[in-house]
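What follows is a single structure, written as structure tokens, with notes after it.
There are 2 protein chains.
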Amino acid sequence: MIEFNTPRRGDSGQDADRLPSTSYAVLGMLSFGDELSGYQLKKRADNLRFFYWSPAHSQIYAELRRLEKLGYVTHREVKQMRRPDKRVYRITSAGQEVFETWMNEAPVEPVSLKHSVVLRLFFGHAGNPERLREVLADYADQVSEVIEDLRGISEEISESDQFFYPAVVAEWGIGYYEAERRAAMTAIRRLDDRPERAESQAEEKDADTA
Amino acid sequence: MIEFNTPRRGDSGQDADRLPSTSYAVLGMLSFGDELSGYQLKKRADNLRFFYWSPAHSQIYAELRRLEKLGYVTHREVKQMRRPDKRVYRITSAGQEVFETWMNEAPVEPVSLKHSVVLRLFFGHAGNPERLREVLADYADQVSEVIEDLRGISEEISESDQFFYPAVVAEWGIGYYEAERRAAMTAIRRLDDRPERAESQAEEKDADTA
DNA sequence: ATATGCATGTAATGGGTTACATGATTGT
DNA sequence: ACAATCATGTAACCCATTACATGCATAT
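The listed protein sequences derive, respectively, from chains W and A.
Just so you know, we're using this note's numbering here: the first sequence kicks off at 19 and counts up by one.
Just so you know, we're using this note's numbering here: the second sequence kicks off at 19 and counts up by one.
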């Protein structure tokens, strides 16, 4: 019988597709066609930080080596006087192809998020309520700054059609962070409005009511 | 001379604080005081999935072993007839302490998110616009389902004061996912409204306009 | 019968970070 | 003079996932 013995990666040396998303992020940044060094790539990756975590520079270099081995990028040594040489990378047509395939065919994955502030809110019973309010307020402030940054970026880029997609993303980001700010503030209000079960005499912890 | 030779992890066998956030998630789930098996813990962790990724079960078991070695949890073997024994874990007072310290003292970190749909939107130039619209619509649908789930959970728990904090988190989640839905739909509208730069004659790709 | 849920774990591998390393240039 | 920026890379580690492994019980 012809049995499909679970075609998993590692079968034949180098497994064609199924790259980690970081690879696609790097490929994507090169998909505009210009040549970029690892250093520049890292800086560009930081622009994605609003909706995608930014890998460490060492990771970018590792990624580039991998992509080159797969034939998706090539590099060229650029000699510079009075500066260390740079190695600029360019996407190959094979790279363009796999990137487009990913764009069009990859399944729609849910966001993966690690929201440590909300995690702390969830476990609010175990902490100091005052401090929790501070944490939330602090978070709301941080978010406000991000919104300002995004508004700035949005204005800069929404003129030119060249940045059409990034502009749409910036708008998305603004909506997202505004929702975060609202949520944090609503949460604070909920904490304030809570009918406290020992208002004045406090000390619910290690007190009599064990 | 008393020199602080960079107290980094790995110095003295087991490094007091600075646990990964997953440890705190596990500790938090045990901070209610009940005994839980690794299996139950995994299921509880899945409830955090709306705002915190859920680790693999093997990771939970590994985490429990680590926490036990640190003295933050203890386990007890529970014999069951006609069923494999279970090992239930309980938080220790040392564990409660470090957890509370984390709750009150940990710095307010920004969310770390990997939004692959937005990543694809950002690189929209490299894909099929029709397909991108589909992806966005698909995402909006998935988000709608999450919202329904959250609404259900919210109604269930918002009665009892016992689930005060989780209820606040559920509300936050609803606000967040509603913003996501709106953002996805706004993005679709932007794509639709875009003044297409070659509407009828198409073929901007590998055509003459190189 | 077969699948699904309960329950626990190990092995292999991978993705990623932090710290270590080096070295020149430009700005303060 | 010192710090910051450009630029590239390695080593050590660790967090985490996937797959492998086992085995009983209940529901379909």
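Yeah, the Cβ is synthetic: ideal placement off N, Cα and C, and Gly gets one too.
From a predicted model like this one, the values you see are computed outputs, not experimental measurements.
Spatial neighbours of residue i in its chain, beta-carbon cut-off 7 Å, leaving aside the 5 residues before and after
i      : result
W/F181 : I175
W/L151 : Note that residue 151 of chain W is Arg in the sequence shown, not Leu. Excluding residues within five positions, the ones whose Cβ falls inside 7 Å are I206, L209.
W/G89  : T110, A112
A/G191 : F68, F69, L168
W/K104 : S55, V96, Q98
W/V231 : Residue 231 of chain W is absent from the model: chain W starts at 19 and stops at 228.
A/Y42  : F117, W120
W/E148 : none
A/D211 : none
Residues bridged to residue i [DSSP beta-bridge criterion]
i      : result
W/L131 : A/L131
A/R108 : A/T92
A/L239 : Residue 239 of chain A is absent from the structure shown; chain A starts at 19 and stops at 228.
A/L54  : A/Y107
Within chain W, partners of residue i - CB distance below 7 Å
i      : result
A/D156 : V126
A/R149 : N122
A/E118 : A144, G145
A/A43  : L137
A/R212 : F182
Residue i to residue j span [Cα, whole Å]
i      : j      : result
W/F117 : A/V135 : 14 Å
W/E196 : W/S72  : 22 Å
A/E123 : W/L131 : 22 Å
W/R36  : W/E86  : 16 Å
A/R138 : A/G51  : 43 Å
A/Y57  : A/V187 : 24 Å
W/S172 : W/N65  : 12 Å
W/V62  : A/F69  : The question names Val, yet the displayed sequence has Arg at residue 62 of chain W. Taking the straight line from one Cα to the other gives about 27 Å.
W/H143 : A/K97  : 32 Å
W/S178 : A/E166 : 39 Å
W/Y79  : W/T204 : 42 Å
A/P102 : A/G46  : 26 Å
A/E127 : A/P184 : 20 Å
W/A114 : A/R83  : Here residue 114 of chain W is Gln; the residue named in the question, Ala, does not match the sequence. For W/Q114 and A/R83, the distance between alpha carbons rounds to 45 Å.
W/A155 : W/A202 : 7 Å
A/E221 : A/N146 : The predicted position of A/E221 is uncertain, since its pLDDT is 47 and thus under 50; no value can be drawn from it.
W/D159 : W/G170 : 17 Å
W/V129 : A/P125 : 24 Å
A/G193 : A/S162 : 12 Å
W/E189 : W/V153 : 26 Å
A/V91  : W/F140 : 20 Å
Endpoints, alpha helix (DSSP H) assigned at residue i
i      : result
W/T40  : 39-48
W/Y194 : 182-211
A/E123 : 111-123
A/H75  : 75-87
W/D179 : Premise fails: W/D179 is in no alpha helix (DSSP H) and is neither H nor E.
A/G145 : First-last for A/G145: undefined, no H or E at that position.
A/R67  : Here A/R67 belongs to no alpha helix (DSSP H), and DSSP marks it neither H nor E.
Residue i: contacting residues in chain A (beta-carbon distance under 7 Å)
i      : result
W/H143 : Y183
W/A197 : G193, Y194, A197
W/A263 : Here chain W comprises residues numbered 19 to 228, so residue 263 of chain W is not present and cannot be evaluated.
W/L54  : What W/L54 touches in chain A: nothing, since even the nearest Cβ is about 14 Å away.
W/V186 : L139, A205, R208
W/Q160 : V126, P128
Same chain only: Cβ atoms within 8 Å of residue i, ignoring 5 sequence neighbours per side
i      : result
W/T40  : P73, Q77, E81
W/P213 : none
W/H75  : G56, Y57, K60
A/R199 : A158, V161, S162, I165
Closer than 8 Å: residue i CB and nearest the ligand SAM heavy atom
i     : result
A/Q58 : Here there are no bound small molecules, and the ligand SAM is not part of this structure.
Chain-ordered chain A contacts of residue i [CB-CB under 8 Å]
i      : result
W/E189 : A201, T204, A205, R208
W/S49  : F141, H143, A144
W/R105 : By Cβ distance, chain A contributes nothing, its closest Cβ being about 23 Å from W/R105, past 8 Å.
W/R82  : Looking at the sequence shown, residue 82 of chain W is not Arg but Leu. Within chain A, no residue comes near W/L82; the closest Cβ sits about 17 Å away, beyond 8 Å.
Under 9 Å by beta carbon: chain W residues contacting residue i
i     : result
A/Y70 : L131, K132, H133, S134, V136, L137, F140
A/S39 : K132, S134, L137
Residue i: contacting residues in chain A (beta-carbon distance under 9 Å)
i      : result
W/G46  : L137, R138, F140, F141, A144
W/L168 : Simply none; closest approach about 12 Å.
Chain-ordered chain W contacts of residue i [CB-CB under 8 Å]
i      : result
A/V153 : V126
A/L66  : L137, F140
Close beta carbons around residue i, own chain, < 6 Å, minus the five adjacent residues each side
i      : result
A/P38  : none
W/V164 : Y195
A/L48  : I109
A/R44  : Looking at the sequence provided, one finds Val at residue 44 of chain A rather than Arg. The answer, listed in chain order, is E81.
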